[in-house]
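A quick write-up on the structure given underneath.
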Amino acid sequence: MNNQPIISIITVCFNSEKHIEDTIKSVLSQKYNNLQYIIIDGGSKDKTMDIINKYKNEISTIISEPDKGISDAFNKGIQNAKGDLVGIVNSDDILLPESLLAIATSYQKGEYDIYRGNSIIWNPITNKKYREYPSLKFSTTPIFVNVAHESTFVTLDAYKKFGTYDIDLHYTMDLDFFIRAYKLGAKFKHVNHDIVQFRLGGATSTSMLKKRKDYIKMAYNNSANKLHAHLYFLGMILIDLGKRVLDLFGPDLKKKIKYFKS
(Lines of atoms letter the chains of each structure in order from A and count residues from 1; the text may use other names and numbers.)
(Lines give C-alpha, C1' and ligand atoms only; values in the text may rest on other atoms or scores of the structure.)
Protein backbone atom coordinates (compact mmCIF):
# COMPACT_ATOMS: atom_id res chain seq x y z
CA MET A 1 0.00 0.00 0.00
CA ASN A 2 1.43 3.39 -0.97
CA ASN A 3 1.28 6.54 1.17
CA GLN A 4 0.44 4.68 4.36
CA PRO A 5 -0.27 7.01 7.27
CA ILE A 6 2.13 6.81 10.18
CA ILE A 7 0.35 5.03 13.05
CA SER A 8 1.54 5.46 16.63
CA ILE A 9 0.53 2.67 19.03
CA ILE A 10 0.79 3.38 22.75
CA THR A 11 0.83 0.64 25.37
CA VAL A 12 0.73 1.75 29.01
CA CYS A 13 1.57 -0.75 31.71
CA PHE A 14 2.41 -1.27 35.36
CA ASN A 15 3.43 -4.64 36.82
CA SER A 16 2.07 -6.29 33.69
CA GLU A 17 4.42 -9.27 33.39
CA LYS A 18 1.55 -11.73 32.97
CA HIS A 19 0.26 -10.47 29.60
CA ILE A 20 2.54 -7.71 28.30
CA GLU A 21 4.49 -10.01 25.97
CA ASP A 22 1.32 -11.13 24.18
CA THR A 23 0.41 -7.49 23.64
CA ILE A 24 3.85 -6.56 22.32
CA LYS A 25 3.90 -9.52 19.91
CA SER A 26 0.45 -8.63 18.60
CA VAL A 27 1.61 -5.11 17.77
CA LEU A 28 4.97 -6.03 16.26
CA SER A 29 3.42 -8.79 14.12
CA GLN A 30 1.17 -6.35 12.25
CA LYS A 31 3.46 -6.21 9.20
CA TYR A 32 2.78 -2.49 8.89
CA ASN A 33 5.76 -0.42 7.80
CA ASN A 34 4.79 3.02 9.12
CA LEU A 35 4.45 1.98 12.77
CA GLN A 36 5.73 3.89 15.77
CA TYR A 37 5.41 1.76 18.92
CA ILE A 38 5.54 3.54 22.28
CA ILE A 39 5.49 1.83 25.67
CA ILE A 40 4.87 3.86 28.82
CA ASP A 41 5.61 1.93 32.02
CA GLY A 42 4.67 3.33 35.41
CA GLY A 43 7.80 2.07 37.15
CA SER A 44 6.99 -1.64 37.36
CA LYS A 45 8.51 -3.69 40.19
CA ASP A 46 8.02 -7.11 38.57
CA LYS A 47 9.52 -8.52 35.36
CA THR A 48 7.60 -6.22 33.03
CA MET A 49 10.66 -4.21 31.97
CA ASP A 50 12.72 -7.37 31.44
CA ILE A 51 10.08 -8.53 28.95
CA ILE A 52 9.84 -5.13 27.25
CA ASN A 53 13.61 -4.91 26.88
CA LYS A 54 13.63 -8.19 24.93
CA TYR A 55 11.95 -6.21 22.13
CA LYS A 56 13.64 -2.83 22.64
CA ASN A 57 15.18 -2.83 19.17
CA GLU A 58 11.68 -3.01 17.65
CA ILE A 59 10.05 -0.46 19.97
CA SER A 60 10.38 3.20 19.06
CA THR A 61 10.10 4.72 22.54
CA ILE A 62 10.25 3.17 26.02
CA ILE A 63 9.62 5.29 29.11
CA SER A 64 9.63 3.77 32.59
CA GLU A 65 8.97 6.12 35.49
CA PRO A 66 6.29 6.76 38.13
CA ASP A 67 3.20 8.55 36.86
CA LYS A 68 -0.04 10.00 38.17
CA GLY A 69 -2.22 7.20 36.83
CA ILE A 70 -3.49 5.80 33.53
CA SER A 71 -4.54 9.15 32.08
CA ASP A 72 -1.12 10.62 32.79
CA ALA A 73 0.50 7.62 31.07
CA PHE A 74 -1.82 8.02 28.05
CA ASN A 75 -0.85 11.67 27.79
CA LYS A 76 2.87 10.87 27.98
CA GLY A 77 2.41 8.49 25.09
CA ILE A 78 0.56 11.11 23.05
CA GLN A 79 3.29 13.67 23.75
CA ASN A 80 5.79 11.26 22.19
CA ALA A 81 3.56 10.29 19.27
CA LYS A 82 4.52 11.34 15.75
CA GLY A 83 1.85 9.47 13.82
CA ASP A 84 -1.02 10.72 11.72
CA LEU A 85 -3.13 8.38 13.85
CA VAL A 86 -2.69 7.37 17.49
CA GLY A 87 -4.04 4.15 19.00
CA ILE A 88 -3.86 2.93 22.60
CA VAL A 89 -3.65 -0.83 23.18
CA ASN A 90 -3.62 -1.85 26.83
CA SER A 91 -1.15 -4.37 28.26
CA ASP A 92 -3.92 -6.96 28.75
CA ASP A 93 -5.18 -6.74 25.18
CA ILE A 94 -4.32 -8.15 21.77
CA LEU A 95 -4.20 -6.18 18.53
CA LEU A 96 -5.79 -8.51 15.98
CA PRO A 97 -4.14 -9.32 12.63
CA GLU A 98 -4.30 -6.73 9.84
CA SER A 99 -5.87 -4.19 12.19
CA LEU A 100 -3.44 -1.42 11.28
CA LEU A 101 -3.91 -2.09 7.58
CA ALA A 102 -7.69 -1.84 8.03
CA ILE A 103 -7.35 1.48 9.83
CA ALA A 104 -4.86 2.80 7.28
CA THR A 105 -7.14 1.81 4.39
CA SER A 106 -10.03 3.73 6.00
CA TYR A 107 -7.92 6.80 6.77
CA GLN A 108 -8.91 9.98 4.96
CA LYS A 109 -6.64 12.85 5.90
CA GLY A 110 -8.58 15.87 7.08
CA GLU A 111 -11.97 14.16 6.73
CA TYR A 112 -12.31 12.39 10.09
CA ASP A 113 -10.89 12.93 13.55
CA ILE A 114 -11.60 9.59 15.22
CA TYR A 115 -11.65 6.12 13.65
CA ARG A 116 -13.43 3.40 15.64
CA GLY A 117 -13.24 -0.33 14.94
CA ASN A 118 -14.96 -3.36 16.45
CA SER A 119 -13.80 -5.07 19.63
CA ILE A 120 -13.81 -8.74 20.57
CA ILE A 121 -14.61 -8.97 24.28
CA TRP A 122 -13.16 -12.04 25.98
CA ASN A 123 -13.93 -13.34 29.46
CA PRO A 124 -10.92 -15.56 30.29
CA ILE A 125 -12.83 -17.23 33.14
CA THR A 126 -15.86 -18.38 31.15
CA ASN A 127 -14.02 -18.26 27.77
CA LYS A 128 -17.02 -16.44 26.29
CA LYS A 129 -16.37 -14.00 23.46
CA TYR A 130 -18.59 -11.52 21.72
CA ARG A 131 -18.24 -8.62 19.33
CA GLU A 132 -18.97 -5.02 20.28
CA TYR A 133 -19.55 -2.35 17.68
CA PRO A 134 -18.40 1.17 18.58
CA SER A 135 -20.59 4.11 19.45
CA LEU A 136 -20.16 7.15 17.21
CA LYS A 137 -22.35 9.63 19.11
CA PHE A 138 -21.98 10.76 22.72
CA SER A 139 -24.40 12.77 24.84
CA THR A 140 -23.36 14.64 27.98
CA THR A 141 -24.09 11.60 30.16
CA PRO A 142 -24.27 8.58 27.84
CA ILE A 143 -25.48 5.23 29.17
CA PHE A 144 -25.88 2.81 26.26
CA VAL A 145 -22.51 3.37 24.62
CA ASN A 146 -19.53 1.21 23.77
CA VAL A 147 -16.39 3.09 24.71
CA ALA A 148 -13.51 0.71 23.86
CA HIS A 149 -10.65 3.15 23.36
CA GLU A 150 -8.47 0.11 22.52
CA SER A 151 -10.09 -0.20 19.09
CA THR A 152 -10.02 3.56 18.48
CA PHE A 153 -7.51 5.63 16.53
CA VAL A 154 -7.42 9.39 16.99
CA THR A 155 -5.60 11.77 14.70
CA LEU A 156 -2.79 13.68 16.35
CA ASP A 157 -4.45 16.89 15.15
CA ALA A 158 -7.64 15.89 16.99
CA TYR A 159 -5.76 15.60 20.28
CA LYS A 160 -4.39 19.07 19.65
CA LYS A 161 -7.89 20.44 18.91
CA PHE A 162 -9.91 18.64 21.59
CA GLY A 163 -7.34 18.06 24.32
CA THR A 164 -6.05 14.85 25.84
CA TYR A 165 -7.07 12.91 28.97
CA ASP A 166 -8.09 14.35 32.35
CA ILE A 167 -5.44 13.08 34.78
CA ASP A 168 -7.92 13.32 37.66
CA LEU A 169 -10.00 10.56 36.03
CA HIS A 170 -8.76 6.99 36.50
CA TYR A 171 -11.59 4.95 34.92
CA THR A 172 -13.70 7.20 32.66
CA MET A 173 -11.00 9.26 30.97
CA ASP A 174 -11.71 7.75 27.55
CA LEU A 175 -15.46 8.35 27.72
CA ASP A 176 -14.81 11.88 28.95
CA PHE A 177 -12.56 12.48 25.94
CA PHE A 178 -15.12 11.11 23.46
CA ILE A 179 -17.92 13.26 24.92
CA ARG A 180 -15.74 16.38 24.79
CA ALA A 181 -14.57 15.68 21.25
CA TYR A 182 -18.11 14.96 20.04
CA LYS A 183 -19.47 18.15 21.61
CA LEU A 184 -16.68 20.16 19.95
CA GLY A 185 -17.54 18.79 16.51
CA ALA A 186 -15.20 15.81 16.04
CA LYS A 187 -16.04 13.61 13.07
CA PHE A 188 -16.18 9.88 13.87
CA LYS A 189 -15.80 7.06 11.33
CA HIS A 190 -16.67 3.38 11.86
CA VAL A 191 -14.11 0.90 10.56
CA ASN A 192 -15.91 -2.42 10.25
CA HIS A 193 -12.99 -4.61 11.24
CA ASP A 194 -12.22 -6.50 14.45
CA ILE A 195 -9.35 -4.41 15.80
CA VAL A 196 -8.60 -5.69 19.27
CA GLN A 197 -9.34 -8.57 21.60
CA PHE A 198 -10.17 -7.00 24.94
CA ARG A 199 -9.55 -9.11 28.05
CA LEU A 200 -12.11 -8.52 30.79
CA GLY A 201 -10.38 -7.61 34.03
CA GLY A 202 -8.12 -4.80 35.18
CA ALA A 203 -9.37 -1.25 35.66
CA THR A 204 -12.40 -1.72 33.41
CA SER A 205 -13.80 -4.48 35.63
CA THR A 206 -13.31 -2.57 38.88
CA SER A 207 -16.42 -2.25 41.04
CA MET A 208 -18.74 0.54 39.91
CA LEU A 209 -18.80 1.87 43.48
CA LYS A 210 -15.07 2.56 43.24
CA LYS A 211 -15.72 4.49 40.04
CA ARG A 212 -18.34 6.76 41.60
CA LYS A 213 -16.10 9.85 41.86
CA ASP A 214 -14.96 9.37 38.28
CA TYR A 215 -18.46 9.21 36.82
CA ILE A 216 -19.65 12.20 38.85
CA LYS A 217 -16.62 14.30 37.88
CA MET A 218 -16.93 13.27 34.24
CA ALA A 219 -20.55 14.41 34.23
CA TYR A 220 -19.55 17.73 35.80
CA ASN A 221 -16.78 18.09 33.20
CA ASN A 222 -19.44 17.94 30.53
CA SER A 223 -21.86 20.48 32.05
CA ALA A 224 -24.21 18.16 33.94
CA ASN A 225 -25.76 19.56 37.13
CA LYS A 226 -25.53 17.77 40.51
CA LEU A 227 -28.86 15.91 40.24
CA HIS A 228 -28.20 14.90 36.65
CA ALA A 229 -24.72 13.63 37.56
CA HIS A 230 -25.95 11.47 40.45
CA LEU A 231 -28.89 10.05 38.49
CA TYR A 232 -26.47 9.23 35.71
CA PHE A 233 -24.26 7.26 38.07
CA LEU A 234 -27.27 5.35 39.37
CA GLY A 235 -28.18 4.44 35.80
CA MET A 236 -24.65 3.23 35.16
CA ILE A 237 -24.80 0.96 38.22
CA LEU A 238 -28.00 -0.65 36.90
CA ILE A 239 -26.48 -1.11 33.44
CA ASP A 240 -23.35 -2.66 34.94
CA LEU A 241 -25.44 -5.06 37.01
CA GLY A 242 -27.35 -6.12 33.90
CA LYS A 243 -24.12 -6.76 31.99
CA ARG A 244 -22.74 -8.91 34.78
CA VAL A 245 -25.92 -11.00 34.90
CA LEU A 246 -25.83 -11.53 31.12
CA ASP A 247 -22.17 -12.45 31.27
CA LEU A 248 -22.88 -15.15 33.86
CA PHE A 249 -26.08 -16.60 32.41
CA GLY A 250 -26.23 -15.49 28.78
CA PRO A 251 -25.59 -17.79 25.81
CA ASP A 252 -22.05 -18.60 24.72
CA LEU A 253 -21.52 -16.33 21.71
CA LYS A 254 -18.01 -17.50 20.93
CA LYS A 255 -19.06 -19.61 17.94
CA LYS A 256 -21.02 -16.75 16.41
CA ILE A 257 -18.05 -14.52 15.72
CA LYS A 258 -15.04 -14.74 13.48
CA TYR A 259 -12.04 -14.93 15.80
CA PHE A 260 -8.46 -14.43 14.64
CA LYS A 261 -5.74 -16.29 16.50
CA SER A 262 -2.78 -14.13 17.44
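Under my numbering, think of the first position of the sequence shown as 4, with each following residue one higher. Note that beta-carbon positions come from the ideal geometry of N, C-alpha and C, so glycine has one too.
Helix, strand or coil at Q82 [DSSP, three-state]: Looking up residue 82 in the sequence shown gives position 79. Of the three classes helix, strand and coil, the one that applies to Q82 here is helix, per DSSP.
Proximity test, A232 beta-carbon vs the ligand ZN heavy atom, cut-off 7 Å: Among the components modelled here there is no ligand, and therefore nothing to report on the ligand ZN.
From I62, D96, Q82, I170, residue whose alpha carbon lies closest to that of R202: Counting from one through the sequence shown, the residue named residue 202 turns up at place 199. From the listed residues I62, D96, Q82, I170, the smallest Cα separation to R202 is found for D96.
Rounded C-alpha distance that separates W125 from Q39: Within the sequence shown, the letter at position 122 stands for residue 125. Within the sequence shown, the letter at position 36 stands for residue 39. Whole-angstrom Cα-Cα distance: 27 Å.
Segments of 3+ residues assigned as beta strand (DSSP E) that fall wholly inside the region 60-143: Annotation: the region 60-143 contains the following complete segments of the beta strand (DSSP E) (minimum length 3 residues), in chain order: 64-67, 88-91, 117-126, 131-135.
Whole-angstrom distance between D70 and A76, CA atom to CA atom: One-based indexing of the sequence shown puts residue 76 at position 73. One-based indexing of the sequence shown puts residue 70 at position 67. Looking at the two C-alpha atoms, the distance is approximately 6 Å.
Secondary structure of L244, DSSP reduced to three states: Residue mapping note: residue 244 aligns to position 241 of the sequence shown, counting from 1. The answer is helix: DSSP assigns L244 an H, G or I state.
Cβ separation of F191 and Y115, assumed to be a contact under 8 Å, to the nearest whole Å: Your numbering for residue 191 matches position 188 in the sequence shown. Your numbering for residue 115 matches position 112 in the sequence shown. In this structure F191 is in contact with Y115, their Cβ atoms being roughly 7 Å apart against a cut-off of 8 Å.
Bounding residues of the alpha helix (DSSP H) (the contiguous stretch that carries F165): Against the sequence shown, residue 165 aligns to sequence position 162. Boundaries of the alpha helix (DSSP H) around F165: 159-165.
Rounded straight-line distance, which links the Cα of K57 to that of V150: Residue 150 sits at position 147 when you count from the first residue of the sequence shown. Residue 57 sits at position 54 when you count from the first residue of the sequence shown. If you take the alpha carbons of V150 and K57, they lie about 32 Å apart.
Straight-line gap, I12 to K48 (C-alpha atoms, nearest Å): For the purposes of this step, residue 12 is taken as residue 9 along the sequence shown, with counting starting at 1. For the purposes of this step, residue 48 is taken as residue 45 along the sequence shown, with counting starting at 1. I12 and K48 have their alpha carbons spaced roughly 23 Å apart.
Rounded C-alpha distance that separates F17 from N6: Counting from 1 along the sequence shown, the entry for residue 17 is found at position 14. Counting from 1 along the sequence shown, the entry for residue 6 is found at position 3. Straight-line Cα distance between these residues: approximately 35 Å.
Proximity of L103 and Y35 at Cβ, strictly below 8 Å: Position 100 of the sequence shown, counting from 1, holds the residue named residue 103. Position 32 of the sequence shown, counting from 1, holds the residue named residue 35. Judged by beta-carbon spacing, Y35 lies within the 8 Å limit of L103, meaning their Cβ atoms are closer than that value.
Contact belief for L99 with V199 at Cβ below 8 Å, rounded distance in angstroms: Translated into positions along the sequence shown, residue 99 becomes position 96. Translated into positions along the sequence shown, residue 199 becomes position 196. So it is a contact: roughly 6 Å between Cβ atoms.
Ordered list of beta strand (DSSP E) runs contained in the region 15-56, each at least 3 residues: Within the region 15-56, complete beta strand (DSSP E) segments of at least 3 residues are found at 38-44, given in chain order.
Neighbourhood of G166 by C-beta, 7 Å cutoff - its chain only, sequence neighbours within 5 removed: Taking the sequence shown and counting its residues from 1, one reaches residue 166 at position 163. The answer, listed in chain order, is R183.
Endpoints, the beta strand (DSSP E) within which K192 is located: For the purposes of this step, residue 192 is identified with residue 189 of the sequence shown, where counting begins at 1. In the DSSP assignment, K192 falls within the beta strand (DSSP E) that extends over 191-202.
Buried versus exposed call for F147 [16 or more other C-beta atoms within 10 Å across all chains shown]: To locate residue 147, count along the sequence shown from 1; it is residue 144. Exposed, by the Cβ-count rule.
Outcome for Y223 when other beta-carbon atoms lying within 10 angstroms are tallied against a minimum of 16: In the sequence shown, residue 223 corresponds to position 220, counting from 1. It is exposed - the Cβ of Y223 has fewer than 16 other Cβ atoms within 10 Å.
Identity of the residues DSSP links to S11 by a beta bridge: The residue labelled residue 11 in the question sits at position 8 within the sequence shown. Answer by DSSP bridge pairing, in chain order: Q39, V89.
Rounded straight-line distance, which links the Cα of P8 to that of L178: In the sequence shown, the residue the question calls residue 178 occupies position 175. In the sequence shown, the residue the question calls residue 8 occupies position 5. Taking the straight line from one Cα to the other gives about 26 Å.
Three or more C-beta pairs below 8 Å linking the region 157-172 and the region 212-232: They touch, by the three-pair rule.
Beta carbon of N194 nearer than 8 Å to that of I106: Numbered from its first residue, the sequence shown carries residue 194 at position 191. Numbered from its first residue, the sequence shown carries residue 106 at position 103. One point to set straight first is that residue 194 is Val, not Asn, in the sequence displayed. Yes; because the gap between Cβ atoms is below 8 Å, this pair is in contact.
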